[in-house]
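This report refers to the structure that appears directly beneath it.
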Amino acid sequence: VLFRSPMTILGAVHDGSGTVFVTADSGEIQSDNRSEATDLRLVEKLQQVPNRLLVWGYQGDDGRGDRIGAYLSSLGDLSDWQTLADGFGPAVRDANRSGWIETPATKTQGFVAGLVSGEGGMVVADPDGHVTLTNDFLFIGWGRIAAKVAWQVASAHPSPLPVKDRLVGLME
2 VLFRSPMTIL GAVHDGSGTV FVTADSGEIQ SDNRSEATDL RLVEKLQQVP
52 NRLLVWGYQG DDGRGDRIGA YLSSLGDLSD WQTLADGFGP AVRDANRSGW
102 IETPATKTQG FVAGLVSGEG GMVVADPDGH VTLTNDFLFI GWGRIAAKVA
152 WQVASAHPSP LPVKDRLVGL ME
């Protein structure tokens, strides 16, 4: 049985009042982990970091995503977003250098959004561990460029819709 290739778009938007909205193009994907059908499982696109007001996700290989999740589950004290970004980039890079064959399909990027010490923000790390840290908006995954452009266009014009509703509309 052939499965269609999983597609993931994750996004986060800070509304300016201290609230961060996080969304995905769908709640979960059916994954064959790009190996044998015996590895078939459902993967939640967004997951909560235990005991934190943070959610995370990834786009790419499931095994590497699991390693990123293990890192986030073991986080120590976080004083600010920069502290999170400083550890997250190397963790994503190390997950990508785990000895598996490197192909465009296995390159994995990670995403975290929410609150650290009461401050809203988001960070993404590419497969090489380079991070982008922002408190405005961020999209990753297939279709991220179109999502960024659509968000910028939607934000350039006054709208009676709240930020949350505009973000949901964009991702549908």
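The sequence shown runs 2 to 173 under the working numbering.
The C-beta atom is built at its ideal place from N, Cα and C for all residues, glycine as well.
Cβ-Cβ distance between residue i and residue j below 8 Å
i, j, result
"ALA86", "VAL124", "yes"
"LYS108", "GLY61", "yes"
"GLY77", "VAL132", "no"
"GLY64", "LEU47", "no"
Residues that DSSP places opposite residue i in a beta bridge
i, result
"THR133", "VAL125"
"GLU120", "VAL117"
"VAL14", "PHE22, PHE138"
"GLY111", "TYR59, ALA126"
Of the residues the options, the one placed nearest residue i, counting alpha carbons only
i, options, result
"LEU79", "LEU54, ALA126, PRO163, THR135", "LEU54"
"ASP81", "GLY121, GLY19, HIS15, GLN48", "GLY121"
"ALA126", "VAL50, ASN97, SER18", "ASN97"
"ASP95", "GLY17, ALA157, PRO128", "PRO128"
"VAL56", "SER160, GLY12, HIS158, GLY19", "GLY12"
"VAL50", "THR20, ASP63, GLY111", "GLY111"
"VAL21", "GLY115, PRO163, THR104", "GLY115"
"THR84", "SER18, VAL113, GLY17, SER156", "VAL113"
"GLY19", "ASP166, GLY130, SER160, SER118", "SER118"
Contact with chain D by residue i, beta-carbon distance below 8 Å
i, result
"PRO128", "No chain D appears in this structure, which consists of one protein chain only."
>> Quick check on the DSSP output: what are the complete alpha helix (DSSP H) runs of length 4 or more inside the segment 40–81, in order along the chain?
In response: The qualifying runs are 63–74.
>> Quick check: the segment 68–76 against the segment 131–140, are at least 3 beta-carbon pairs closer than 8 Å?
In response: No, the segment 131–140 does not touch the segment 68–76.
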